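**Student:** Have a look at the structure that comes next, please.
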Amino acid sequence: MAENTKIIENATCTFCGCVCDDMILTVDLDEKKIIKSKNACVLGRAWFAEHTIDEDAPAAMIDGKEVSVEEAIEEAAQTLTKAKFPITYGLSDTTCEAQRQAVAITDRIKGNIDTTTSVCHGPSGLAFQGVGESTSTLGEVKNRADLVIYWGGNPAESHPRHFGRYAVTPKGMFTPRGKKDRTVVLVDVRKTKSSPVADILIRPKPGKDFEVLWALRALVKGKKLSDDIEERTGVPLEVLQDLSDRMKNCRFGVLFFGMGLTMTRGRHFNSGALLALATDLNEFTHFVAKPVRGHGNVTGADNVVSWQTGYPFGVNFSRGYPRFNPGEFTTVDTLANGHADAAMIIASDPASNFPKKAIQHLKSIPVVVLDTKMTETSKDAHVAFRTSTYGINTSGTVYRMDDVPITLRPAFESPFPDDESILKGINKRVNELMLAKHYASGASGEVKVAAPI
Amino acid sequence: MTEKMILIPGRSAKQGTSLNIGKLKDEYKEVTSTLEMNTDEMAKRGLVDGDKVRLSNDIGETIVSCIGKKPEDLPDGMLFIPYGPPSSELMASDTAGCGMPLSKHMEVEIEKIST
Amino acid sequence: MALKLKLHTKPEVPLEADCICPDRMQSLSLAEIENLTVFHGNRQVPLKDFFECSGDFDGEIDVEGDLVDVKHIASAMSFGKITVSGNVGVHTGAAMSGGEIIIEGDASDWVGPEMLGGRITIKGNAGHMVGSGYRGSTIGMQGGEIIVHGNVKNETGHVMRRGLIVIGGNSGDFTGVNMVAGTIIVLGEMGIRPGAGMKRGSIICQTKSELLPTFTKSCDYQPSFLRHYFKYLQSLGLTISDSLMNSPFERWCGDSIELNRGEILLYAGK
Amino acid sequence: MSAAMRIVNGKVYDPANNIDGKIKEICIQDGRIVDSVPEDATIIDAQGMVVMPGGVDIHCHIAGPKVNAARKLQPEDHRHDVHPGTPFTRSGTGGTVPSTFATGYRYATLGYTTAMEAAVTPIGARHTLEEFHDTPVIDKGFYVLLGENIFLQNLLREKRMEEFNEAVAWWINATKAYTVKLVNPGGDEPWKGKKNSNVSDIDEKTDEGLTPRQIIEAFIKSVDKQGFPHPPHIHCNNLGHSGNYITTLETMKTAGDMRAHIAHIQFHSYGGELGKNPVSKAAEIVEYVDNHPNITCDVGQVMFGKSTIMTADAPLAYVLKGHTKGKWVNADTECESGCGIVPFNYQEHIYMHTLQWAIGLEIFLMAKDPWRVILSTDHPNGGSFMNYPKLIKLLMDKAFRHEEMKRVNQSALENCSLRDLDREFTLNEIAIITRAGPARALGLKNKGHLGVGADADITIYDEMDDKEMMFNAPRYVIKSGNTIIGNHEFITDFIGKLLHISPEYDKKIEEVVQPFFESYYSIEFSNYAVDDHYLHDHEVIATGKA
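Chains as they are written, first to last, in the numbering used here: chain A, 442 to 894; chain B, 83 to 197; chain C, 1170 to 1439; chain D, 813 to 1358.
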């Protein structure tokens, strides 16, 4: 046991969208590392254990050469203001405070901002805009849900504490016996590590989620279905009828859904069918639905971009005000279509998970990267900042997948600046450059400028 | 022999833990280039755990090594791989006016690489 | 003599040229037209930076060049005629209310979204969301005609309320999704899940198609209005075979989740 | 802080100081109104202009979880109403639920400098404060939803009133709220736990053994005892239902002679039989309010056109979804609240909508004491706050009102007395219902007037015959002594501050709250209370009985 340690209680793990805030961290202050993370799941333990400080790594680089942070901020601001179609992307693994700065910069440079939502639950966001959503915070699921359905996801591996902390086993106000008071249904094309939790396992044919959801909507509304439904979907009519009855007769039902719906053919219509099913069920009982969101603060990114622009992601400012059009202003599209001429990537690694065509374009334009570690994206960046890790080295606000905001409790200090302070620096400099441009264009009058908000 | 199969990239716990170590580190590279296939399908192709296969479609191709899964867990015709650079090689960029590329259920051809 | 615009410089980033529209050019001199504003990414520049302008505007505009990265051509157009001898970018003819647009090449996504009237003809292929509503909107196309000779992608006629969309080739997934009324004719094949969530309206397709389990077949019949439609399509230069002209159709009604008052007519000939 | 300034030659309307259109000099220094300023102070010549305190909105929905959900929900509503940035201000989007920046700037362009968000869940307080930080120009605060708080209801049921008071104070402090909000008291549990049902009577006993009346009474007493500057802000039961005026009268009677604020009272002034078209009971409601100086209310005027229903009254939103058959959001907050969102459209030809419009106007026009009948549209429920200038014109201009009445459903006008009301509001009365009245009801001693010591929040309008045009475009807007709008243009940006209270409580109450919390909430107790770093510039308004 190290000698110089401290304990941080009620710290928050920001690895996944569960944002569990009951961590008890033991920090070795000399070694600057977390040596124990009580209550963390396997992913959380790795998150805390592996975010160590590499003192030798440069805090800032331009074209691979070490520079001061100030020089890098200057170069980033110059690069972004020169561009005609600069894009900002990422943001799901940083604080809301940093996200606010990122939107501010993009607004000032008349750029394009998008978050990892667009390649995660973006389609669910579009579905939400189409049909709305009956939803709840996770505590209501814990307190009330007697029917829990997971659709197209594998939380045992992607959100390991979702079952234990929020939805399946916890004992709540009206579910005093925990799992015994609940029926758990899992719908997935393959058997996964989540399967053992289910009382009922339904395995549709791959790519038939929409048809199954549509069939359930019809049954819930009392409509007849064609007899060949099993042949078409792989799910027998009796199974669908049974599930429909259970859904209508439960006291408080919840449908959680994952990217098995959003990333497959049908995309937003798959999510839309599920949201509509949950809405339909409210004619009979209380029913909610909830996308199981991925990264620690992707929900915060949706919220910040929404309150600042009116739209959750895929927002373009090139005409001096926000416009929203997924498929046009989302990052896979701005890159794959060859539209972006500069990029600022914050806490994300598109170069390792985007479609090949988008990656090729990203590699052809100047890129500013803020990340805690070297990635495929940062290794080729024009300007690269190494930043401290949110929730481990820096405080700030993070939104759990159910839109509940939580304040982070950092464990130890990092020699590297946090995302917010870098972005604040870029914002300030960008503001100066844009104002200079404004005056250079012949604008007159003496104007007082308050500190940028 | 080549044949069309459905590839489902997704997340796994191991992928999650290894990305914390670093995406440029060997462990992450290994996790994201390991393909799951059911043992019947592997036997049919004369594959054993660790053999290399080439996955390809209209978009591109990638070489990964395979590992067996029980047929009742992963049906015939289906493949699973944790997200990462290899799966990106096969991903189309058309987002159908919604921003999301089709990242799961990609039709791919699979071919054993003779060593 | 029509106004001629010829693209002389390929834009580095998308060019938003909603000023290429009769409503915006009416009663302007050539010099004024040359100085209309276009957005090159986030920079405002005069039209002449990208287009060589000649002739006079007399209600017609001829555009030449590969405009694949030129967006919003003829947005909100209400009269006159635009002919583009090449490809066009996204949002061509958005919210158009009158006049005619002819695209000799291919069009990108969002051809005629939320269109009110007039006619758009695409001689090549078009992208996703032809004649659709934008995200969040429950009101798509409300009138007019969109004729695509080639293929289109997904969500053709999404939340459509009135008007006619004709696809000479194949359509993608979710053709006529959530449509409220109006007519969509597909002369090739449709992708999966046509008519999902449709309330009213007609989708007519020359090939068989698997429909959602919430559609039910009502009959085989030979509706006389189809002959009129097909004759009209022939007059627009689309190829209609004799067998199609004289064939019976399967009539399916749906979507039972909604009003069940939509119809999908599928070719039932041999 | 701002430099010294002198506004000269303007016609000043400052009802709190009995100044009604007198030409008077106003001096400003360091963000406050002062007696005099040095000779070299900046001078604004307000010749031909009207000078008023900045407007105060006592009830609107502008920030927080439900507002943001409504923003995300409606891209189609933002698209046609963009809000371009300037080199000095941020861009945004409008529609019925504008982005935060557009919200702040647009309030300023109407001459409003303070606005109170009327319904925030405790767990959503942090989110609301973050949005406030991005809502420029105006000062703002919020009312925290405590009426459906299960822990507080448990204390009530067990009659642990001392602890109840302590817990209320704790929650106010934990969230940085301005006062308590009650919405459809007793309605959450049937909605969430009993298959989407609701309470229908103020004396209906729920399974938990409490009646709405008991909840209302407890909060009124608690707040009275603790001397909050603004009493409980109450959204009565049965909103929108025919015959609900009885519930509203009973709610007001429950207060006895203690203070209570009835929110959007127009929606609660309907006679007639449940399930049938309502008739107006504006006269009965106004009579009660006029005769009971302990009661304040805001009107919640309906304006025709697009609106967004967003409310903690989830069963109500579900009823409205049945009418619109369109998008619907329901969002339950654990142990604290429900929420419903429905995009809506008020149409002249519809009986119900016209009647709602007419009842709102009746309430304004019948009220003898304008100080306690405050202008609001329950933004964006009855319509956007951007409708305020038009509403002011409806009140000030009888001819215009009668023109508008020709365009609406005539049978609805048969069931109310709007046609017989000839009153026209004066500028002084407008200054009361938009400034002095709400500031007094909120207990904001430095707002809503132009006396020495007041915050230098000032609006200067060109005097015009067309009052809609006049109130739509102030020539100057001064916030905390800074000229934000000069000659109709934004000339600087400004953040504004948070207004909240901090009643005293015994720390021991945390030991009582914590075990409940650990059992039934999904976040940790120690991560629940909002810490001070979410307060940007802020002001604590004093509590305690004078």
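Note that beta-carbon positions come from the ideal geometry of N, C-alpha and C, so glycine has one too.
Being a predicted model, the structure only gives us computed values, none of them experimental.
Can you tell me which of D/Ile1121, D/His1312, D/Leu1177 puts its alpha carbon nearest to the alpha carbon of D/Ser1196?
**Tutor:** Cα-wise, what sits closest to D/Ser1196 is D/Ile1121.
**Student:** Pick helix, strand or coil for D/Thr912, following the three-state DSSP scheme.
**Tutor:** It is helical.
**Student:** Report buried or exposed for D/Tyr919, applying the criterion of at least 16 other Cβ atoms within 10 angstroms of its Cβ.
**Tutor:** D/Tyr919 should be labelled buried.
**Student:** Of the residues B/Leu156, B/Glu109, B/Thr116, B/Met124, which one's Cα is nearest the Cα of A/Val630?
**Tutor:** It is B/Leu156.
**Student:** Since C/Ser1306 meets chain D, which of its residues come closer than 9 Å, beta carbon to beta carbon?
**Tutor:** Going along chain D in sequence order, the residues near C/Ser1306 (Cβ under 9 Å) are Pro887, Glu888, Arg891.
**Student:** Grab me the residues of B/Arg136's own chain with a C-beta within less than 7 Å of its C-beta, minus the 5 sequence neighbours each way, in chain order.
**Tutor:** Counting only Cβ-Cβ distances below 7 Å, and skipping sequence neighbours, we find Glu143, Ile145, Glu193, Ile195.
**Student:** Is D/His1073 near D/Ala882, with beta carbons less than 8 Å apart?
**Tutor:** Going by C-beta atoms, D/His1073 is not nearer than 8 Å to D/Ala882.
**Student:** Under 9 Å between beta-carbons, which chain C residues line up against A/Ala500? List them in chain order, please.
**Tutor:** Per Cβ cutoff of 9 Å: no residues; A/Ala500 is ~30 Å from chain C at best.
**Student:** Counting contacts by CB-CB distance shorter than 8 Å, is A/Gly701 in contact with chain C?
**Tutor:** No, its Cβ sits nowhere closer than 8 Å to a Cβ of chain C.
**Student:** Might you give, ordered along the chain, the residues of its own chain that have their beta carbon closer than 7 Å to the beta carbon of A/Asp622, omitting 5 neighbours on each side?
**Tutor:** These residues qualify, in order along the chain: Asp587, Thr616.
**Student:** Take C/Pro1392 as the anchor and find which of C/Gln1403, C/Met1414, C/Ser1410 has the nearest alpha-carbon.
**Tutor:** Minimum Cα distance to C/Pro1392 is reached at C/Met1414.
**Student:** Name the two residues that bound the continuous beta strand (DSSP E) containing C/Val1253.
**Tutor:** Run containing C/Val1253: 1250–1254, per the beta strand (DSSP E) assignment.
**Student:** Quick one, which residues of the region 775–806 of chain A are near chain B if we go by CB-CB under 7 Å, in chain order?
**Tutor:** From the region 775–806 of chain A, only Ala777, Asp790, Ser793, Asn794, Phe795, Pro796, Lys797, Lys798, Ala799, Ile800 have a Cβ closer than 7 Å to chain B.
**Student:** Using a threshold of 8 Å, state whether the C-beta atoms of C/Gly1326 and C/Leu1285 are closer than that.
**Tutor:** No.
**Student:** Using 8 Å as the limit for Cβ to Cβ distance, is C/Met1298 near chain B?
**Tutor:** Answer yes: the Cβ-Cβ gap between C/Met1298 and chain B drops below 8 Å somewhere.
**Student:** Contact criterion: CB-CB distance below 8 Å. Does D/Met813 meet it with respect to chain A?
**Tutor:** Since pLDDT at D/Met813 reaches only 48, below the 50 mark, its modelled position is unreliable, and the value read off the structure follows with that caveat. Closer than 8 Å: no.
**Student:** Give the secondary structure of C/Ala1279 by DSSP, where H, G and I count as helix, E and B as strand, and everything else as coil.
**Tutor:** It is Trp, not Ala, that sits at residue 1279 of chain C in the sequence shown. Residue state, collapsed to three classes: coil.
**Student:** Could you tell me which uninterrupted beta strand (DSSP E) segments, each at least 3 residues in length, are contained entirely in the region 148–191 of chain B, listed from first to last along the chain?
**Tutor:** With a minimum length of 3 residues, the continuous beta strand (DSSP E) runs that stay inside the region 148–191 of chain B are 160–164.
**Student:** Roughly how many whole angstroms lie between the Cα atoms of A/Ala545 and A/Asn868?
**Tutor:** Their Cα atoms are separated by approximately 7 Å.
**Student:** I want to see whether chain A comes within less than 8 Å of C/Ala1365, judged by CB atoms only; does it?
**Tutor:** By this cut-off, C/Ala1365 is an interface position.
**Student:** Using the Cα positions of C/Lys1292 and B/Lys134, report the straight-line distance between them to the nearest angstrom.
**Tutor:** Approximately 46 Å, taken between the alpha carbons.
**Student:** Taking C-beta pairs closer than 7 Å, name the residues in chain A that D/Cys1147 reaches, listed in chain order.
**Tutor:** The answer, in chain order, is Gly580.
**Student:** Nearest-angstrom Cα distance between D/Val1098 and D/Glu960?
**Tutor:** D/Val1098 and D/Glu960: Cα-Cα distance of roughly 28 Å.
**Student:** When you compare each of D/Gly1150, D/Val909, D/Pro887 to D/Leu1128 by their alpha carbons, which one comes out closest?
**Tutor:** Residue D/Gly1150 is the option with its Cα nearest to D/Leu1128.
**Student:** If you draw a straight line from the C-alpha of C/Ile1202 to the C-alpha of C/Leu1172, how long is it?
**Tutor:** If you take the alpha carbons of C/Ile1202 and C/Leu1172, they lie about 10 Å apart.
**Student:** Going by beta carbon distance, what residues of the same chain come within less than 7 Å of C/His1209, once the five residues before and after it are set aside?
**Tutor:** Once the five neighbours on either side are set aside, the close Cβ partners of C/His1209 are Pro1180, Val1182, Leu1184.
**Student:** Going by DSSP, which residues form a beta bridge with A/Arg850?
**Tutor:** Note: A/Arg850 sits in no beta bridge, so no partner.
**Student:** With a threshold of 8 Å between beta carbons, is A/Ser759 in contact with chain C?
**Tutor:** Cβ-Cβ to chain C under 8 Å: yes for A/Ser759.
**Student:** List the endpoints of the continuous alpha helix (DSSP H) containing D/Gly1265.
**Tutor:** Where D/Gly1265 is concerned, there is no enclosing alpha helix (DSSP H), given that its DSSP letter is neither H nor E.
**Student:** Compare the C-beta of C/Glu1181 with all C-beta atoms of chain A and state if any pair is closer than 8 Å.
**Tutor:** At least one chain A Cβ lies under 8 Å of C/Glu1181.
**Student:** DSSP three-state call for D/Arg1219: helix, strand or coil?
**Tutor:** D/Arg1219 falls in the coil class under three-state DSSP.
**Student:** Quick one, which residues of the region 642–666 of chain A are near chain C if we go by CB-CB under 9 Å, in chain order?
**Tutor:** Answer set for the region 642–666 of chain A: Gly648, Phe651, Glu652, Trp655, Ala656, Arg658, Ala659, Lys662, Lys664, Lys665, Leu666.
**Student:** Who are the neighbours of A/His709 on chain B, taking C-beta pairs under 7 Å?
**Tutor:** Ordered by position in chain B, the residues that pass the 7 Å Cβ test against A/His709 are Cys180.
**Student:** Does the Cβ of D/Ala1211 have 16 or more other Cβ atoms within 10 Å, making it buried, or fewer, making it exposed?
**Tutor:** Answer is exposed; the Cβ neighbour count stays below 16.
**Student:** Tell me where the beta strand (DSSP E) around D/Trp1140 begins and ends.
**Tutor:** Note, D/Trp1140: beta strand (DSSP E), 1140–1144.
**Student:** Assuming contact is defined by CB atoms lying nearer than 8 Å, are A/Pro601 and A/Val483 in contact in what I supplied?
**Tutor:** Yes; because the gap between Cβ atoms is below 8 Å, this pair is in contact.
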